[in-house]
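Residue numbering for the sequence shown follows my numbering, starting at 1488 and increasing by one per position.
We put the CB at the ideal spot given by N, CA and C, even for glycine.
Quick caveat: nothing in here was measured; it's all calculated off a predicted structure.
Report on the structure given below.
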Amino acid sequence: MTLKKPPIDFDFAYALLTWFDTHGRKDLPWQQDKSPYRVWLSEIMLQQTQVVTAIPYFQAFIAKFPTVESLAAAPLDDVLLSWAGLGYYARARNLHHAAKTIVQLGYFPNTLPELLALSGIGKSTAGAILSIAFQKSQPILDGNVKRVLTRFYTISGWTGLREIENKLWELSEKITPSKRCDDYTQAIMDLGATLCTRRNPRCEDCPLSKACVAFSTQSVATYPSPKVTKKSPVKQTLFLVLRNEQGQLWLEQRPVKGIWGGLWSLPEVETIEHAQAWCEELHLTIQSQRFLPTARHTFSHFHLDFTPCLFEITATTDEHWHSPQNWQIRALPAPISTLLKQLMTEEFL
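What follows is the structure in C-alpha cells.
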C-alpha cells in the first residue's frame, strides 16, 4: 500500500461542504420529512442499488410501511413483495427482523454499538444513520467514499483487503468534521456518485481536485485498484412450470435462508427424470411436457442458467396451485416474474 499526502493546508471538509451547499442533492425523497426510520431504510436500499433505481422503491415502500411499527407488524411476505425486483433479498429480511427488534426496544437506537447489533447494519450504514439522522459525527466508508479517498490519497491495493480498509477507515474518521456531519456525510456520498465516478470522473468540477494526488499526477483512472477476479461459475437447473386445466401454476415458497430466501418460485430440480419423479411422488399426472427457452440470471458470485419445463397437469386440489391473480400478489424473483408474465401473454404457446 502506498499513501501520498495532499497539501497540509487543504481543508477537506470545508471544500466539500462549500461545494455541497451549491451542488449537493437535497431533494431526494428520504431527505424530506427526515427521520431515523427513513434514513435507515434509504441506507439499506442504497447498499447495493443506485439512487435512481432506489427512489421509486423507497416511495412505494414508505407509503405501505410509513413507520417502523408498521414494518415490524407486517408479514414477511408483504415486505418481500414490496422489495421484489430490487434484489439482494437478505436486505429485506434483515430490515424486517431489525424493525421487530427496534419496536421491542421502544426507541430507535442512536449509538454505534446498538445499531451494529441490528440485523443488516454494518459500520458504514450505522455511521450514516448516526450522522444524518442524529447529527452525531461518525465516519462512513461506502463504495463512493472508498473511491474518493483512494484517489485523493493515491492508495493502491484492493479496498477489500483488511489492511487497505483499515487505513481508509482511519482517514475517513480523520476528515469527518464534528459540525455539519449530516451534510458532510451526504456530501461525500454525492461527490462519489456524481463527480468522482468509477468511469469518466468530472475532475474539472471537483472541489477536491486542487489537492487530489491522483488528479495532480494524472493517475485518476488507476484508483481504486481493481480486485483480481475469477471467472464466475455457471450453474444449471430446471424450473418446473406445472400448469393445470384451469391455467393455474404450482408455486412454492423458498426457504428463508439461501438464494431468493422467502420468495415464491417454481419447483427446482436437476434433471427431467427428477422432475417426473417429483410429479409422481405428489400424484400429479403429466399430460404433456416440453422445454421452454433457457435463460440466464446473474447473481453477484455466479451465473444461473435455467430451463423452464412446462408440464400440463391433470387438475388436482392443492394449496400450491395459484391463479394469475395470485401470481401478482406474491413476492417473486425477477426472472420468475418475467417468465410468468410471458406465460400469461402466451408468448411460449
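Rounded C-alpha distance that separates residue i from residue j
i, j, result
"W1747", "K1722", "15 angstroms"
"G1679", "T1781", "38 angstroms"
"A1826", "A1620", "Inspection of the sequence shows that residue 1826 is occupied by Leu rather than by Ala. Taking the straight line from one Cα to the other gives about 41 angstroms."
"L1836", "D1564", "Since pLDDT at L1836 reaches only 46, below the 50 mark, its modelled position is unreliable, and no value is offered."
"I1816", "R1578", "20 angstroms"
"V1555", "Y1524", "6 angstroms"
"K1666", "S1624", "7 angstroms"
"E1691", "L1682", "9 angstroms"
"T1832", "Q1733", "16 angstroms"
"A1604", "S1810", "41 angstroms"
"N1687", "Y1576", "31 angstroms"
"I1542", "T1709", "31 angstroms"
"S1703", "L1592", "50 angstroms"
"S1606", "T1803", "41 angstroms"
"R1512", "M1532", "17 angstroms"
"L1504", "V1632", "15 angstroms"
"A1821", "T1801", "28 angstroms"
"P1664", "L1617", "13 angstroms"
"A1560", "S1824", "26 angstroms"
"P1562", "A1502", "46 angstroms"
"A1698", "R1689", "15 angstroms"
Where residue i falls, given that 16 or more other Cβ within 10 Å makes a residue buried
i, result
"S1696", "buried"
"V1539", "exposed"
"V1700", "buried"
"Q1673", "buried"
"D1669", "buried"
"K1654", "buried"
"E1530", "buried"
"K1714", "exposed"
"D1629", "buried"
"Y1640", "buried"
"Y1594", "exposed"
"F1789", "exposed"
"G1863", "Within the shown structure, residues of the chain are numbered from 1488 to 1836, placing residue 1863 beyond reach of any answer."
"N1597", "exposed"
"A1764", "exposed"
Range covered by the alpha helix (DSSP H) that runs through residue i
i, result
"L1826", "A1821 to M1831"
"F1507", "F1499 to H1510"
"K1722", "Premise fails: K1722 lies in the beta strand (DSSP E), V1721 to R1730, not in any alpha helix (DSSP H)."
"V1526", "P1523 to M1532"
"C1766", "I1759 to E1768"
"D1564", "L1563 to W1570"
"S1706", "Counting along the chain, S1706 falls outside any alpha helix (DSSP H), and DSSP gives it neither H nor E."
"N1813", "P1811 to W1814"
"Q1733", "Careful: Q1733 lies outside any alpha helix (DSSP H) and carries neither H nor E."
"V1483", "No answer is possible for residue 1483: the residues shown for the chain start at 1488 and end at 1836."
"T1588", "A1577 to L1592"
Contact check, residue i vs residue j, beta carbons under 8 angstroms
i, j, result
"L1736", "W1814", "yes"
"L1573", "V1566", "no"
"F1798", "C1766", "yes"
"F1778", "L1753", "no"
"S1522", "A1547", "no"
"H1807", "E1739", "yes"
"W1645", "S1712", "yes"
"I1662", "F1499", "yes"
"L1602", "A1613", "yes"
"W1517", "F1545", "yes"
"P1694", "S1659", "no"
"L1791", "T1724", "yes"
"L1582", "I1549", "no"
"R1443", "V1707", "For residue 1443 there is no data in the structure shown, the boundaries of the chain being 1488 and 1836."
Bounding residues of the beta strand (DSSP E) (the contiguous stretch that carries residue i)
i, result
"E1799", "H1790 to I1800"
"S1775", "I1773 to F1778"
"H1784", "A1782 to T1785"
Closer than 7 angstroms: residue i CB and nearest the ligand ATP heavy atom
i, result
"K1722", "In the structure shown, the ligand ATP is absent, as is every other ligand, since no ligand is present at all."
Which parts of the stretch 1604-1669 are runs of the alpha helix (DSSP H), unbroken and 4 residues or longer, counting only runs that do not cross its ends? 1610-1621, 1630-1639 and 1649-1662
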